[in-house]
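Here is the structure we will look at.
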Amino acid sequence: MNYTLRQLRTFVAVARQGSFSQAGQLIGLSQSAVSHSVKELEAEIGVRLLDRTTREVLLTGAGQQLATRLTRLLEELNTTLLDVRSYGEQRSGTVRVAASQTPSAHLMPQCLASTQQHYPDIRVILHDRVQQAVLQSVRNAEVDFGIVIGPLGDAEFDAEEILQEPFLLLCHQNDALAQTETVTWAMLTDRNMVLQDYASGSRMLVDAILQQLAIGVNVVQEIGHPATLYPMVEAGIGISILPALALPLPSGRKLVVRRLYPEMNRSLMLIKRKNRSLTPAAEAVWQEVRQQAALLTHNRSLYPAF
């Protein structure tokens with residue numbers, strides 16, 4: 007049968023009011039539109055629902071039976087729709103976020119604090135993992151969404167870039183590059199370097215930059231955690247490259263950070279499973295992360311000086 011919800015609601019209004027004109031006033035339709043809608047419904051189901059006279063509108067036996075059942079069903083439908091709308095506005099529950107190490111340490115604390123302030127009924131659980139583990143967590147639906155280093159060549163995720171940040175040189179304060187007015191990538195040629203290993207989202211980007219600029223370096227150590235870069239460089243094992251988000255440097259270190267020219271950037275990206283909607287609570291946290299990243303993007307004074 008090809009009937010509409012509007013026809014059913016119109017019929018119930020007529021049954022309650024006993025009048026086409028009063029039903030029309032109740033639901034915002036003209037008397038003729040109400041009459042036409044009921045006639046279409048009767049034609050569709052093949053049963054007369056109303057007896058019409060010049061003075062009144064009376065329900066037939068079939069009409070009485072339909073009106074009684076429809077009243078209950080439409081009330082239940084309305085309640086269901088209100089419940090769904092309430093769920094769509096809900097901002098509570100547990101949200102799981104996986105983030106690679108630098109965003110976990112230098113972006114997520116502000117995001118967690120902001121979420122706690124704006125949505126006290128949302129509990130955010132942060133999984134601090136290397137990039138490949140973050141991707142796998144999102145892929146397996148272990149978390150609601152992830153924060154990774156981009157660009158990504160993987161089309162299996164819905165991804166949104168939220169921040170771009172430059173790569174910087176990290177060296178000992180006594181290194182010649184620390185005293186150089188303008189440091190270029192070419193000055194890294196043949197230098198010993200301490201870099202993060204390939205579990206990091208940045209390592210392949212750094213390799214690609216060096217290859218693009220035809221710069222050869224000596225990678226003497228590959229480490230897993232970014233914090234290990236600082237004592238390695240301070241000990242003179244080599245120089246390193248780190249993203250701006252990794253600042254500030256630990257206090258008391260004999261280290262210097264310098265800009266590298268030409269400026270080369272990496273992206274920070276939010277990712278979720280392809281074509282999957284976030285829960286209202288997860289969507290709220292996603293937006294909080296975007297806003298915090300926007301503060302860093304549009305107000306670079308929030309980055310410590312380098």
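Residue numbers for the sequence shown follow the working numbering, so the first one is 7 and each next one is one higher. We put the beta carbon where it would ideally sit given N, CA and C, even for glycine.
Compare the beta carbon distance of residue i and residue j with 8 angstroms and say whether it is the shorter of the two.
i	j	result
residue 156	residue 275	yes
residue 11	residue 19	no
residue 140	residue 152	yes
residue 106	residue 137	yes
residue 108	residue 14	no
residue 68	residue 78	no
residue 30	residue 62	no
residue 16	residue 35	yes
residue 201	residue 209	yes
What are the boundary residues of the alpha helix (DSSP H) that includes residue i?
i	result
residue 30	26–33
residue 133	Element bounds for residue 133: not the alpha helix (DSSP H) but the beta strand (DSSP E), 128–134.
residue 121	114–124
residue 240	235–240
residue 186	Counting along the chain, residue 186 falls outside any alpha helix (DSSP H), and DSSP gives it neither H nor E.
residue 194	Looking at the DSSP string, residue 194 is not in any alpha helix (DSSP H), and its letter there is neither H nor E.
residue 149	Unbroken run through residue 149: none, as it is neither H nor E.
residue 20	11–23
Where do the N-terminal and C-terminal ends of the beta strand (DSSP E) with residue i fall, by residue?
i	result
residue 213	Taken as a continuous stretch (DSSP letters only), residue 213 belongs to no beta strand (DSSP E), being part of the alpha helix (DSSP H) at 209–218.
residue 175	163–178
residue 55	Residue 55 -> no beta strand (DSSP E), and no H or E assigned at all.
residue 3	The structure shown does not extend to residue 3, since the chain spans only 7 to 312, so no value can be given for it.
residue 100	99–105
residue 201	198–202
residue 313	Residue 313 lies beyond the residue range present for the chain, which begins at 7 and ends at 312; the question has no answer from this structure.
Going by beta carbon distance, what residues of the same chain come within less than 8 angstroms of residue i, once the five residues before and after it are set aside?
i	result
residue 308	Only weak support is given to the placement of residue 308: the predicted model assigns it a pLDDT of 43, under 50, and the question is left unresolved by the model.
residue 144	104, 151, 152, 163, 277, 278, 279
residue 281	164
Which same chain residues, not among the five before or five after residue i, have their C-beta less than 7 angstroms away from its C-beta?
i	result
residue 310	Legend: pLDDT at residue 310 = 46, less than 50; position of this residue unreliable, no value from coordinates given.
residue 116	298
residue 216	223
residue 291	101, 103, 121, 128, 130
residue 166	275, 276
residue 240	178, 259, 260, 261
residue 57	64, 66
residue 221	191, 192, 194, 195
residue 40	16, 20, 26, 29, 30
So that I know if they touch, is there some Cβ in chain D lying closer than 8 angstroms to that of residue i?
i	result
residue 209	The chain inventory of the structure shown lacks chain D, comprising one protein chain alone.
Under 6 angstroms Cβ to Cβ from residue i, same chain only, skipping five residues before and after it: list those, please.
i	result
residue 264	175, 189
residue 256	236
*asked:* Restricting to runs no shorter than 3 residues, where is the beta strand (DSSP E) found entirely within the region 245–298?
replied: 246–249, 261–265, 271–279
_Three Cβ pairs or more, each shorter than 8 angstroms: is that satisfied between the region 254–271 and the region 167–179?_
yes
*Count the C-beta pairs between the region 243–257 and the region 69–87 that are closer than 8 angstroms, then say yes if the count reaches three, no if not.*
no
*Report yes or no: do the region 123–133 and the region 221–239 share at least 3 C-beta pairs separated by less than 8 angstroms?*
no
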